Amino acid sequence: MSRVFSGVQPTGNIHIGNYLGALKQFVDLQNDHECVYCIVDMHAMTVPKSAEELRNSILDVAALYLAIGIDPEKSIVFVQSDVPGHAELGWMLTCNSYTGELSRMTQYKQKSKNKESAPTGLFMYPVLMAADILLYDAALVPVGDDQKQHIELTRDLAIRVNGKYGEDTFVVPEGSYMKSGARVMALDDPTSKMSKSAENEMSRISLMDSPAKIKKAIMRATTDSDGIIRFDIENKPGISNLLSIYSAFSGKTVADLEKEYDGSGYGTLKKDLVEVVVDALTPFQEKYNEIRHSDELIRILQNGAEKANAISEKTIARVKKNLGMGTGAGRKLTF
Ligand code: AQP
């Protein structure tokens, strides 16, 4: 079985974009892959937050992972900073990356825009993300398509290091992207991606939102005025976004939805979409409330960290050997 790795930042407001772009794939892939799913708290530190906020968000995401159907009996679920290999490999890759390529990363450019000086962690984010993936010899990385550039950088770094130090150093991974849901757009502005950090709550649907909030956000979603239900991202981004969300949650194709709603008004489509989304999220919310404050959750994360560490130690030993680093002393690494 080939290995899958991915992660989500514990930064609050996990939304249907995160779910449809990435998390839904996490669940689907666990039946025929060895899956490693991380809560990437070291990445979350690139944006300042209090210790309490970070700690709570870590447990929120862990509970959400389980609530949406990640099965800890099948998949490894753990917190990034519980495995020191991420930071170690991050440095080894830092020394094999260039400031030029990192300064071209769109996410860094967006997040540092209009700032006189951006946090160094934000600049290094893609290198740490490459380390996360390469540490587990992952062949496949399920993510939303906003992460494509970071996956390409990961591949470039792996190929570069393999060329210098030996082809057995890293497995070169591939990204895995959904057909519907790879980029869910903001409800208030369908030309921007739905995002956790957007100020307007109505721009997104968070997985924990109440039916009333979901209804308000969808009924207010920005559309156009021609009244025709047709998928056309360029000319009708709002309706196209709603059709994509509907398709991803219901399993119906966009073409079938266009036929089904031919001649109906936007109000009918939106009303039905509210129902589809509420029906999909309600079971997640019930399971989340059951598990969020349980000891079981902590036990699962500790158990996951042990398994993740066991894989990580092997990779670190192999990479250090290939790069000529250390002696194997100080920890149980066998060279
Ligand atoms: N709008 C989106 N559509 C589809 N997939 C998305 N992802 C994020 N937004 C969308 C995917 O969700 C996964 C987890 O994301 P993350 O927690 O690592 O952070 P992010 O990409 O920075 O998410 P946000 O919501 O955009 O947060 P902020 O506002 O903080 O930047 C990733 O696989 C991502 O592709």
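Using numbering that gives the first Met the number 0, you'd call the opening residue of the sequence shown number 0 and step up by one each time. Where is the CB? At the ideal position from N, CA and C, for every residue including glycine. Keep in mind the model is a prediction, meaning the values are calculated, not measured.
Exercise. Would you call residue 391 buried or exposed, if buried means 16 or more other Cβ atoms sit within 10 Å of its Cβ?
Worked result: In the structure as shown, the chain begins at 0 and stops at 334. Residue 391 is therefore absent and cannot be evaluated.
For this session: Could I get the ranges of all uninterrupted beta strand (DSSP E) runs contained in the segment 64–90, with 3 residues as the minimum, in chain order?
Result: 75–78
For this session: For residue 192, count neighbouring C-beta atoms within 10 Å of its own C-beta (all shown protein chains included) and say buried if the count is 16 or more, exposed if not.
Result: buried
Problem set entry | Exposed unless 16 or more other CB atoms sit within 10 angstroms - verdict on residue 39 | buried
For this session: Consult DSSP for residue 337 and reduce its assignment to one of helix, strand or coil.
Result: The requested residue 337 does not occur in the structure, where the chain is confined to residues 0 to 334.
Problem set entry | Candidates 116, 9, 57 and 87: closest to residue 325 by CA position | 87
Exercise. Who are the near neighbours of residue 231 in its chain, counting only those whose CB is closer than 7 angstroms to its CB and skipping five residues on each side?
Worked result: 239
Exercise. So residue 121 packs on residue 45, CB below 8 angstroms; how close in whole Å?
Worked result: 5 angstroms
For this session: For residue 314, I'd like the list of residues in its chain whose CB is within less than 8 angstroms of its CB, leaving aside the five on either flank, ordered along the chain.
Result: 84, 88, 133, 134, 135 and 136
Exercise. Cβ of residue 217 versus every heavy atom of the ligand AQP: is any distance shorter than 8 angstroms?
Worked result: no
Exercise. Looking at residue 127 and the ligand AQP, is the gap between the Cβ and the nearest heavy atom below 8 angstroms?
Worked result: no
Problem set entry | At least three beta-carbon pairs within less than 8 angstroms, the segment 153–172 to the segment 216–229 | no
Exercise. Which one of 18, 112 and 30 has the shortest CA to CA distance from residue 67?
Worked result: 18
For this session: Please name the residue in 20, 3, 8 and 10 whose C-alpha comes closest to that of residue 248.
Result: 20
Problem set entry | Start-to-end residues for the alpha helix (DSSP H) that takes in residue 241 | 236–249
Problem set entry | Three-state secondary structure (DSSP) of residue 48 | coil
For this session: Would you list the residues sitting across from residue 4 in a DSSP beta bridge?
Result: 35
For this session: For the beta strand (DSSP E) holding residue 140, just list the boundary residues, first then last.
Result: 139–141
For this session: Reducing DSSP to helix, strand and coil, say where residue 174 ends up.
Result: strand
Exercise. Within the chosen definition, does the segment 178–198 reach the segment 111–129 through at least 3 CB pairs nearer than 8 angstroms?
Worked result: no
Exercise. In terms of residues, what are the limits of the alpha helix (DSSP H) holding residue 282?
Worked result: 265–290
Problem set entry | Best match in 171, 287, 177 and 227 for proximity to residue 206 [C-alpha to C-alpha] | 287
Problem set entry | Residues bridged to residue 14 [DSSP beta-bridge criterion] | 205
Exercise. So residue 299 packs on residue 71, CB below 8 angstroms; how close in whole Å?
Worked result: 5 angstroms
For this session: Given a cut-off of 9 angstroms, decide if residue 183 and residue 138 are closer than it, judged by their beta-carbon atoms.
Result: no
Exercise. When the distance is taken between beta carbons, is residue 29 closer than 9 angstroms to residue 60?
Worked result: no
Exercise. Residues in its own chain within less than 6 angstroms of residue 144 by CB, not counting five upstream and five downstream?
Worked result: 176, 181 and 182
Problem set entry | Option in 154, 7, 263 and 252 with minimal Cα separation from residue 56 | 7
For this session: Measure the alpha-carbon distance for residue 140 versus residue 58 and round it to whole angstroms.
Result: 23 angstroms
Exercise. In the structure shown, what three-state DSSP assignment does residue 188 receive?
Worked result: coil
Exercise. What do you get for residue 47, buried or exposed, if any count of 16 or more other CB atoms within 10 angstroms of its CB means buried?
Worked result: exposed
Exercise. Is the closest heavy atom of the ligand AQP to the C-beta of residue 229 under 8 angstroms?
Worked result: no
For this session: Report yes if the C-beta distance between residue 280 and residue 244 is below 9 angstroms; otherwise report no.
Result: no
For this session: From the DSSP output, in three-state form, read off residue 231 for me.
Result: strand
Exercise. Near residue 307, which residues of its chain fall below 8 angstroms by C-beta distance, leaving aside the five closest residues on each side in sequence?
Worked result: 35, 37, 75, 77, 81, 82 and 135
Exercise. Of the choices 31, 65, 64 and 10, whose alpha-carbon is the least far from that of residue 338?
Worked result: Summary: the structure shown does not reach residue 338, with the chain confined to residues 0 through 334, and so no result is reported for it.
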